[in-house]
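Asks:
Numbering (full-length UniProt numbering), first residue to last: 1 to 52.
1. Is the Cβ-Cβ distance between residue 33 and residue 18 less than 8 Å?
2. Are the beta-carbon atoms of residue 22 and residue 14 separated by less than 8 Å?
3. Looking only at C-alpha atoms, which of 5, 6, 20 sits nearest to residue 12?
In structure tokens, the structure reads:
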């Protein structure tokens with residue numbers, strides 16, 4: 001499957017916290033957010049966890 005862009009607006013404090021968490025995980029913010037989304041969707045049984 002091809003990658004698809006997703007644009008969102010979030011609170012500045014949330015964005016700063018995401019940036020900090022991404023740095024701690026040695027990821028870009030985009031990669032970190034994708035990881036969080038995949039983990040949540042996998043836990044809910046909506047994807048198989050291998051989806052990218």
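Using N, Cα and C, we set each Cβ at its ideal position, and we do this for glycine too.
Replies: Reading off the structure:
1. Yes, the pair counts as a contact, with Cβ atoms nearer than the cut-off.
2. no
3. 20
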